[in-house]
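S.K.: Take a look at the following structure, please.
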């Protein structure tokens, strides 16, 4: 039971980090700082996945969101001209509209989830070696989707190259 | 789960060391700023231009290719974990997976994207 209690404490610490850094992402003036806090937010989400025993999701979260997506965002920021110019407003005037939209979204999710018992699934622990299980399934039952993924990735790469090169010419 | 205690300890130690060292130096140092002292240190040279500059656009294509191979790594990760229990067939599958992806890298190479002009 001691482990259960410490997992609960970790969840609340991580949840506070997620909410506070998420708020800073949308409220800070310097867009580069926003990107850094987005990385912190996504890392804390990876921590929450670990408290749920979802190791593979946590690794995917760190590798793809914290690693790749954040790098893309930071690159996009650093490649933009005149970003540090004080004249350019970095927030627009739709804060109230965005707040209302987000509130409606969160209320909708709470409404739907409280009507089902889906969220109770998290209480039944996942099999311990879920990464191993995923690895075995990818190589046996889901081997065709696994190969199709590589074709999808190549298509994405060629598409990215074509688009990025056309811009230059 | 409990093996992540080490990760937690590393995180706490990492944050703690930064907070303690900066906290101690804040307590010990004299506070006497003047304009010359606040200038960015650049080996006694006068700083030229702002530090927020636009970087070369060419970096972006490398970031995009990096993202593709990052996604590839996430699919290789479960295979690597289960490697000991999988046979030759899995190795062939992964080799095929990598060959298809290397075709993309080959395309980028042929198009001259990887060249830094």
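Residue numbers (this note's numbering), protein chains in the order written: chain A, 1212 to 1380; chain B, 637 to 753. Think of the CB as a built atom: it goes at the ideal place given N, C-alpha and C, for glycine as much as any other residue.
What does a CB cutoff of less than 6 Å around residue 1273 of chain A pick up in its chain, not counting 5 residues either side in sequence?
M.R.: Taken in chain order, the residues that qualify are 1257.
S.K.: Between the C-alpha atoms of residue 1317 of chain A and residue 1265 of chain A, what's the straight-line distance to the nearest angstrom?
M.R.: Taking the straight line from one Cα to the other gives about 23 Å.
S.K.: Quick check on the burial criterion: 16 or more other C-beta atoms within 10 angstroms. Buried or exposed for residue 715 of chain B?
M.R.: Residue 715 of chain B comes out buried.
S.K.: Quick one, are the C-beta atoms of residue 1251 of chain A and residue 1281 of chain A less than 7 Å apart?
M.R.: Not closer than 7 Å, so no.
S.K.: Given that residue 615 of chain B touches chain A, what residues does it touch there, using C-beta distances under 7 Å?
M.R.: Residue coverage of chain B in this structure runs from 637 to 753, which leaves residue 615 of chain B outside it and unanswerable.
S.K.: At what residues does the alpha helix (DSSP H) containing residue 743 of chain B begin and finish?
M.R.: Per DSSP, residue 743 of chain B belongs to the alpha helix (DSSP H) from 724–746.
S.K.: Could you give the DSSP three-state label for residue 653 of chain B: helix, strand or coil?
M.R.: Residue state, collapsed to three classes: helix.
S.K.: Please list, in chain order, the chain A residues whose beta carbon lies closer than 7 Å to that of residue 726 of chain B.
M.R.: Neighbours of residue 726 of chain B on chain A, chain order: 1350.
S.K.: For residue 657 of chain B and residue 647 of chain B, I'd like the C-alpha separation in whole angstroms.
M.R.: Cα to Cα, residue 657 of chain B sits roughly 16 Å from residue 647 of chain B.
S.K.: Once DSSP output is grouped into helix, strand and coil, what is the label at residue 669 of chain B?
M.R.: If DSSP states are grouped into helix, strand and coil, residue 669 of chain B belongs with coil.
S.K.: List the endpoints of the continuous alpha helix (DSSP H) containing residue 1341 of chain A.
M.R.: Per DSSP, residue 1341 of chain A belongs to the alpha helix (DSSP H) from 1341–1350.
S.K.: Can you tell me where the alpha helix (DSSP H) holding residue 686 of chain B begins and where it ends?
M.R.: Note, residue 686 of chain B: premise wrong, no alpha helix (DSSP H); not H, not E.
S.K.: Applying the criterion that 16 or more other CB atoms from any shown protein chain within 10 Å of the CB defines a buried residue, is residue 1363 of chain A buried or exposed?
M.R.: By the 10 Å Cβ count, residue 1363 of chain A comes out exposed.
S.K.: Just how far apart, CA to CA, sit residue 1242 of chain A and residue 1312 of chain A?
M.R.: Near 22 Å, if we compare the C-alpha coordinates of residue 1312 of chain A and residue 1242 of chain A.
S.K.: Is residue 1264 of chain A near the ligand HEM - that is, is its Cβ less than 6 Å away from at least one heavy atom of it?
M.R.: Within the structure as shown, the ligand HEM is missing, as the structure has no ligands at all.
S.K.: Is it buried or exposed, residue 679 of chain B, if we count other Cβ atoms within 10 angstroms and call 16 or more buried?
M.R.: Answer is exposed; the Cβ neighbour count stays below 16.
S.K.: Can you look up residue 1313 of chain A in the DSSP assignment and give me helix, strand or coil?
M.R.: If DSSP states are grouped into helix, strand and coil, residue 1313 of chain A belongs with the helices.
S.K.: In three-state DSSP terms, what is residue 1239 of chain A?
M.R.: Residue 1239 of chain A: coil per DSSP, three-state reduction.
S.K.: Could you please give the first and the last residue of the uninterrupted alpha helix (DSSP H) stretch that includes residue 752 of chain B?
M.R.: Where residue 752 of chain B is concerned, there is no enclosing alpha helix (DSSP H), given that its DSSP letter is neither H nor E.
S.K.: Which word fits residue 1347 of chain A, buried or exposed, when buried means at least 16 other C-beta atoms lie within 10 angstroms of its C-beta?
M.R.: Residue 1347 of chain A is buried by the Cβ-count criterion.
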